[in-house]
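K.L.:
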Amino acid sequence: MTDSGPLPATAEREEPALAPTVGQRAKRIFLSDYFVLYLSLAYFLVLMPFLPTLSNPANLANILSNMWPLLVVAIGQTFVLTIAGIDLSQGSVVGFTSVVGAMLLAATASPDVLSNAPIWGLIIDETGGPLAGVPGGIALAIAAMIAAGGLIGAANGLAIAHFRMPPFMVTLVTMIVISAFAIFLTQSENIRNLPEAYIQLGKGDIVSVYFGEQDESRIPRREIYSFITYPMIIAVTVAIIAHIALSRTVFGRQVFAIGTNRRAAEISGVPVKRVIVLVFTISAVCATIGALLYSTRLEAGRPTLGDGNFLLDVIGATVIGGTSLFGGKGKIIWTVFGVFFFVLLSNTLNLMNLSSFHIDMVKGAVIVAAALLDVLRTRLIRGGI
Amino acid sequence: MAVLLSFEALRKEYFGVPALRDLTLDIRRGEVVGVIGENGAGKSTLMNMIGGVVAPTSGEMRWLGEPYHPRMPSDATARGVAFIHQELNLFTNLTIAENIFVDDFPARFGMIDRAAMRQRTAELLSQLALEVAPDTSVDSLAPGERQLVEIAKALHRDAELIIFDEPTTSLTPRETAKLFETIERLRADGKTILFISHILGDVKRLSDTVVVLRDGQLVAQEPAAGFDVPDMITAMIGRALGGLYPDRTAAPRDEIAFSAKALSQPGILEDVSFDIRAGEILGLFGLMGSGRSEMARIIFGLDPLEEGALTLKNQPLTGGVRDRIARGVAFVTEDRRAEGLLMDAPIAENLSLVSIEEFGRAPLALLDHARLDHRTEQLKTDMIIKAGDIKTQPARALSGGNQQKVVIGKWLMRHSDLFILDEPTRGVDVGAKFEIYALADRLAAAGSSVLFISSELEELMGMCDRIMVMNRGEVMGMFDRADFSERAILAMAFGKQAAGKEVAA
Amino acid sequence: MRTVSTLFAGAAFAAASLGVAAPASAATICFAFQDLETEFWVAGHTAITRTLEEAGHTVIERNANEDANRQLEQVRDCIAQGVDGIIIIPQDGESAVTIVNEAQDNDVPIAVFNRPPSDLSKGIIVVADNASIASQAVDFLAQEAIANREGDGKLTPMIIVGDLGDPNAVGRKDGFYAALENYPDDFNTPIEVASEWDAATALANLEAAVTANPEIDLLFTSSDFLFPTIRSVFEPRGMWVPRGEAGHVVMGGLDGDATACQLLKEGFIDSTGVQDLYFEAEAALNAILAAIEAGEAQPNEVIEDPGFALTSANLGEREMDMWGCVLLSEGFLDQ
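Protein chains in written order, with the working numbering: chain A, 1 to 385; chain B, 386 to 890; chain C, 891 to 1225.
(1) Does DSSP put Gln924 of chain C in a helix, in a strand, or in coil?
(2) In three-state DSSP terms, what is Lys538 of chain B?
(3) Under DSSP, the beta strand (DSSP E) around Tyr1067 of chain C begins and ends at which residues?
(4) With a CB to CB cut of under 6 Å and the five nearest residues on each side skipped, what residues in its chain are close to Phe490 of chain B?
(5) Taking C-beta pairs closer than 9 Å, name the residues in chain C that Asp125 of chain A reaches, listed in chain order.
(6) Three-state secondary structure (DSSP) at Gly1143 of chain C?
(7) Could you check where the alpha helix (DSSP H) with Met855 of chain B kicks off and where it finishes?
(8) Please state the DSSP three-state secondary structure of Pro57 of chain A.
(9) What three-state label does DSSP hand Pro779 of chain B in the structure shown?
(10) Alpha carbon to alpha carbon, what distance is there between Glu1125 of chain C and Ala1084 of chain C?
(11) Which residues in chain A sit within 8 Å of Lys795 of chain B, going by Cβ to Cβ distance?
(12) Between Ala365 of chain A and chain C, is there a C-beta pair that is closer than 8 Å?
(13) Taking its Cβ as the centre, do 16 or more other Cβ atoms sit within 10 Å of Ala912 of chain C, making it buried, or is it exposed?
(14) Determine whether the Cβ of Gly745 of chain B lies closer than 8 Å to any Cβ atom of chain A.
(15) Does the CB of Gln254 of chain A have a neighbour CB from chain B at under 8 Å?
(16) Is there a Cβ from chain C that is less than 8 Å from the Cβ of Arg297 of chain A?
(17) Residues of chain B with a CB under 7 Å from the CB of Ala84 of chain A: which are they?
(18) Would you kindly report the start and end of the unbroken beta strand (DSSP E) that includes Met863 of chain B?
(19) Straight-line CA distance for Phe837 of chain B to Phe819 of chain B?
(20) Cβ of Tyr1067 of chain C within 7 Å of any heavy atom in the ligand ZN?
(21) Is there at least one Cβ from chain B nearer than 8 Å to Arg379 of chain A's Cβ?
(22) Just to confirm the assignment, what range does the alpha helix (DSSP H) spanning Arg760 of chain B have?
(23) Given a cut-off of 8 Å, decide if Phe280 of chain A and Ile178 of chain A are closer than it, judged by their beta-carbon atoms.
(24) Leu654 of chain B and Val835 of chain B - do their beta-carbons sit closer together than 8 Å?
(25) Tell me whether Ser32 of chain A is buried or exposed, calling it buried when 16 or more other Cβ atoms sit within 10 Å of its Cβ.
(26) List the endpoints of the continuous alpha helix (DSSP H) containing Val487 of chain B.
(27) Ignoring anything shorter than 3 residues or poking outside the stretch 418-503 of chain B, list the beta strand (DSSP E) runs there in chain order.
(28) For Thr78 of chain A, return the contacting residues in chain B, with the cut-off set at a CB-CB distance below 9 Å.
(29) Please decide whether Thr939 of chain C counts as near chain E, where near means a Cβ-Cβ distance under 8 Å.
(30) Does the CB of Thr928 of chain C have a neighbour CB from chain A at under 8 Å?
(31) Please list the terminal residues of the continuous beta strand (DSSP E) segment that includes Leu1154 of chain C.
(32) For the putative contact between Phe341 of chain A and Leu39 of chain A, defined by C-beta atoms under 8 Å, what is the C-beta separation to the nearest angstrom?
(33) Grab the span of the alpha helix (DSSP H) containing Asp1188 of chain C for me, first residue to last.
(34) Kindly list the residues whose CB is nearer than 8 Å to the CB of Ala914 of chain C, restricted to its own chain and excluding five residues on each side of it in sequence; keep chain order.
(35) Name the two residues that bound the continuous alpha helix (DSSP H) containing Gln200 of chain A.
(36) For the stretch 48-80 of chain A, which residues have a CB atom closer than 7 Å to at least one CB atom of chain C, in sequence order?
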């Protein structure tokens, strides 16, 4: 009697083969991988008549360009949530690694701004950073950023896997320490004068579309919109690699196993500690690539990049996509759609001319709704009701 | 005797699928009725209807001739129905008296009348021959004692019908014996008992009448006296089972495959030494707290070992879990839910978990899906796992027996020289039990060594070549198959502690 | 890729020069500010939105909550919405440069208000000249001190300096010295007290300095926010005395917040240098509206705000030009 609950075991009883009812169809859509995409498109269509700017090509280009950096960071968070962890340190890694890249690459720096910073004279001075103008310097600087981010992630993972400390605690402390360290390095100043080729990684476009003049504003302006950009290529590449890693490799299977039941995974010979360290490293490396995109589009290394509500955006977008906070459930495609929905939401709230306080309140409410949906979906799948 | 509870054409459907089909049955007052059936036969559905958890789709229940329609569990309690579940519903942080009075504290001048509570509790406890003070905290009680507290709670509410659902699963043999005495006493007091258990010997011994359910239908209702265990099994599974245990197909070989020498771990093991030959099934019997499961974990590398040496195939066995698995040690845990399965993951992912690394293709360890699917499907067929699409159906949706097959199955995707089976048949119905026994035999016949740990002595006697008995971390003795004797083994298992209070798990 | 964009840009310019839209009276202006956490920014925000709305223009407000990235995204959204011009209060000088470039690349005129970009060559940039403001305030203090002098000895001035890594603090200090240079015979070498823009540091250093030099004739603080700190040091020593009473120390500051306005009215301080927030707002607006009228998409101009000193002498006539006094009159300190 232990194992058959009040419901008949679904294994042994086939459901009658009837035409799907409306409820069943709704359930199928609700549980589908594309649910959030459908939701986003419906939202878009509903708002289109009220917000004429929404479907304007300039706005679509904005939505896309806002998506890519957030997507890269959220992909890292997806891995962590899937093992039932959480990574609060991503924002601080974004700020810190943006400083690392900028201080190595800056072509020149002003002593007025940076002479009080501990890195002045040591790494950077009037003649710029050590890799300024060096052939292949940009690649080296990116490698250094990834190494720095990866080390932070590995340290998180080691503390969590080997000392069994809760991820919330470990990454909270990392967040505080790393962002304080980044601010200390530059004394809260930003590092500008980055090489043009580096900036191109965050801003450069490959295919742009010209739409002719627009006559709504009083000064006619050229209408060139970037659709295929370097950030897009970088983000899509990261997403494809992450998708393969999570769904088609031994490592991905082990990630899910740990997220579903760490004890059972351990007893089944899954290298739990190694996988946890790797997952937190991936999370931090994704944050680093996000830092690359964010800091190049702002054309500066900023210790305060990724402060404030950034983490809300990252975790919110991931959870809206459908990745479970309880672990064991996550897909990169979900996160792609979640980020799309989240960016679309922010964009539309901006277009409605709401104040930032209202925008944050609405975003918060949507994330709570997503977390509730997660619970509901889990129940639907388990209970079959 | 008068009829206490009767069912007339009682039927329950879930989404049009019948779970109970037109059951007509009388339960007479003062009787002990054993209810048996495989998982999914409809026992839970019937109990849930009696308890007011679900309502019947059609048909009628009568209580002493009156229509009986409990709409919620408290309706059933008010009529005099009490459930004693295997997982007890006690507040472990409260005292016995507080638990018994938890929903109707006696009050005097607006204050809880503790004296009255204590007195009434003491009466109830003495009625059940439980010699502890009413103010004892429940968390200091052994599982058997806790169960008696549940029964006291039922008596306090003047329960007429007491339903025991798998009550002996977590009890020691001694506690079980005491529980059975209590049930006898309740019957003598005129209470009606429904006794649900997978352990058919207990059912036969205890019941007046045995009711067998299969596929939601009543297939037999017989006086226990003339209803033998093999007949019960035949009625339950609808066909004759060739005995309770399969015949062993091969004799153990001569070579010693695994040996443990002088294992000691303070507080857990003391100087334990034994060998298992290739092709041998070694039974390990002991009471809870005897160190049997702890030793299994030590051999598998989950827990540390202070002194002693383990050898497998003449090579020392060291390192962590992953090293042991690589050396060919397999471990079927006793805790299926917490440690055995990824409940929410598909069956195929559970089956492939241990050997998943073998399906990665260099250099990026991309999964070879075709080979993986083929192997898991093969295993499903081979192990007769009753499931739909194993790539989508989660392990949670399987019945207990099939879940257990998955737990064992994941170790069969690769070759292992030593199988440690810790309570492999716990909570599993008779049909699946037989299949698990047959599997153990197959493993042994293929030359692996099997360490079979169980608290059901009968199955060890049925399956093992030798039985080792442990008590308080020490090996008390070893029996060859020819010398198996239930009485001798049990006596040895109680060992030195026979006189004192039992050690609770 | 650049070449592709440039090619299109050329084509677009050609198209644009053909169809100049007739100027309409009202414009849509996007006002993107970084935060409203200090009273100065609250006042600046109010100054701009009110002026714009009174002139009949539509204002779209964007608050970036101190997130430079968010501000960039908000400005892009404004551009997509088709605004006529943009005014920003940037998070910092570096992100300001990026945002100005972004707007100019999209042919939207942009003005930067109050916090200057690190590159002043692009956009309409309104900056306050800290040195000039400080020297105006200190000049009045010097005259007051000389007028009140008893005897012929040289007077002892003291300055509380800010964090000298901050160009603002440097400008204020320079203005202080520049003003005193006009009175070479009347003042001793000033005593410098470091504050690092931190009230606790200022408190400790000021206590030490006042204990060592109890005879101070003139005190200038590089920021008004330190007046409460000064009071807690001066009051126990009998040095916190209003104008006209014995023992009054001639005192002034810079910023012009509500506290300074109140102290000035009560007579405890004599002057404060202030950015002319209303002048700045108006200048930024006029410049951007002029650019829109002229169809100029990339207006570049640096507008300097000389600021002024609100003193005990001109309090009556210029009070309401100081943002702190406006806030004070609206009951800001009572909240």
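A virtual CB, placed ideally from N, CA and C, is assigned to each residue, including glycine.
Being a predicted model, the structure only gives us computed values, none of them experimental.
P.N.:
According to the data block:
(1) Residue mapping note: residue 924 of chain C aligns to position 34 of the third sequence, counting from 1. Three-state result, Gln924 of chain C: coil.
(2) Within the second sequence, the letter at position 153 stands for residue 538 of chain B. The three-state secondary structure of Lys538 of chain B, taken from DSSP, is helix.
(3) Working through the third sequence from its first residue, we reach residue 1067 of chain C at position 177. It is not in any beta strand (DSSP E) - Tyr1067 of chain C instead sits in the alpha helix (DSSP H) that spans Pro1057 to Leu1070.
(4) Your numbering for residue 490 of chain B matches position 105 in the second sequence. Ile497, listed in sequence order.
(5) As a position in the first sequence, residue 125 of chain A is number 125, starting the count at 1. The contacting residues do not exist; Asp125 of chain A stays about 16 Å from chain C at best.
(6) Here the question's residue 1143 of chain C lines up with position 253 in the third sequence. Assignment of Gly1143 of chain C by DSSP, reduced to helix, strand and coil, places it in the strand class.
(7) Position 470 of the second sequence holds residue 855 of chain B. Not the alpha helix (DSSP H): Met855 of chain B falls in the beta strand (DSSP E), residues Arg851 to Asn856.
(8) Numbered from its first residue, the first sequence carries residue 57 of chain A at position 57. DSSP, read as helix, strand or coil, puts Pro57 of chain A in helix.
(9) Within the second sequence, numbered from 1, the residue matching residue 779 of chain B stands at position 394. Shown here, Pro779 of chain B sits in a strand according to DSSP, grouped into three states.
(10) Working through the third sequence from its first residue, we reach residue 1084 of chain C at position 194. Working through the third sequence from its first residue, we reach residue 1125 of chain C at position 235. Whole-angstrom Cα-Cα distance: 20 Å.
(11) Stepping through the second sequence from its first residue, residue 795 of chain B is reached at position 410. In chain order: Ser268.
(12) Walking along the first sequence from the start, residue 365 of chain A turns up at place 365. Not one chain C Cβ lies under 8 Å of Ala365 of chain A.
(13) Position 22 of the third sequence, counted from the first residue, corresponds to residue 912 of chain C. Because Ala912 of chain C sits at a pLDDT of 32, beneath the cut-off of 50, its placement in the model cannot be relied upon, and the following sentence gives the value as read from the coordinates. Exposed is the call here.
(14) Walking along the second sequence from the start, residue 745 of chain B turns up at place 360. Yes, Gly745 of chain B lies at the interface with chain A (some Cβ there is under 8 Å from its Cβ).
(15) Here residue 254 of chain A refers to the residue found at position 254 of the first sequence. Yes, Gln254 of chain A counts as interfacial toward chain B.
(16) If you number the first sequence from 1, residue 297 of chain A lands on position 297. For Arg297 of chain A, the answer is yes, since a Cβ of chain C falls inside 8 Å of its Cβ.
(17) Here residue 84 of chain A refers to the residue found at position 84 of the first sequence. Simply none; closest approach about 12 Å.
(18) Along the second sequence, read from residue 1 onward, the residue named residue 863 of chain B stands at position 478. From DSSP, the beta strand (DSSP E) with Met863 of chain B extends over Glu859 to Asp865.
(19) For this step, residue 837 of chain B is matched to residue 452 along the second sequence. For this step, residue 819 of chain B is matched to residue 434 along the second sequence. Their Cα atoms are separated by approximately 15 Å.
(20) As presented, the structure is devoid of all ligands, the ligand ZN included, so that no description of it is given.
(21) Locating residue 379 of chain A in the first sequence gives position 379, where the first residue counts as 1. Taking 8 Å as the threshold, the shortest C-beta distance from Arg379 of chain A to chain B does not fall below it.
(22) Here residue 760 of chain B is taken as the residue at index 375 of the second sequence, counted from 1. Arg760 of chain B -> alpha helix (DSSP H) spans His754 to Asp767.
(23) For this step, residue 178 of chain A is matched to residue 178 along the first sequence. For this step, residue 280 of chain A is matched to residue 280 along the first sequence. When the beta-carbon positions are compared, Ile178 of chain A and Phe280 of chain A stay at least 8 Å from each other.
(24) Against the second sequence, residue 835 of chain B aligns to sequence position 450. Against the second sequence, residue 654 of chain B aligns to sequence position 269. Contact flag unset, no.
(25) Sequence index remark: in the first sequence, residue 32 of chain A carries index 32 (1-based). Counting Cβ neighbours within 10 Å, Ser32 of chain A comes out exposed, since fewer than 16 surround it.
(26) Numbered from 1 along the second sequence, position 102 holds the residue referred to as residue 487 of chain B. From DSSP, Val487 of chain B is part of no alpha helix (DSSP H); its letter is neither H nor E.
(27) The qualifying runs are 443-448 and 466-469.
(28) Indexing the first sequence from 1 puts residue 78 of chain A at position 78. What Thr78 of chain A touches in chain B: nothing, since even the nearest Cβ is about 17 Å away.
(29) In the structure shown, chain E does not exist; the protein chains are A, B and C.
(30) The residue given as residue 928 of chain C occupies position 38 in the third sequence. False, the Cβ-Cβ gap to chain A never drops below 8 Å.
(31) Position 264 of the third sequence, counted from the first residue, corresponds to residue 1154 of chain C. Where Leu1154 of chain C is concerned, there is no enclosing beta strand (DSSP E), although the alpha helix (DSSP H) it sits in stretches over Ala1148 to Glu1156.
(32) As a position in the first sequence, residue 341 of chain A is number 341, starting the count at 1. As a position in the first sequence, residue 39 of chain A is number 39, starting the count at 1. Contact flag correct, Cβ pair sits at about 6 Å.
(33) By 1-based counting over the third sequence, the position of residue 1188 of chain C is 298. Checking the sequence shown, residue 1188 of chain C turns out to be Gln, not Asp. Here Gln1188 of chain C belongs to no alpha helix (DSSP H), and DSSP marks it neither H nor E.
(34) On the third sequence, residue 914 of chain C is found 24 positions in, with the first residue counted as 1. Because Ala914 of chain C sits at a pLDDT of 44, beneath the cut-off of 50, its placement in the model cannot be relied upon, and the point is left open.
(35) The residue given as residue 200 of chain A occupies position 200 in the first sequence. Where Gln200 of chain A is concerned, the enclosing alpha helix (DSSP H) stretches over Glu196 to Lys203.
(36) Thr53, Asn56, Ala58, Asn59, Asn62 and Asn66: these are the residues of the stretch 48-80 of chain A whose beta carbon lies less than 7 Å from some beta carbon of chain C, given in chain order.
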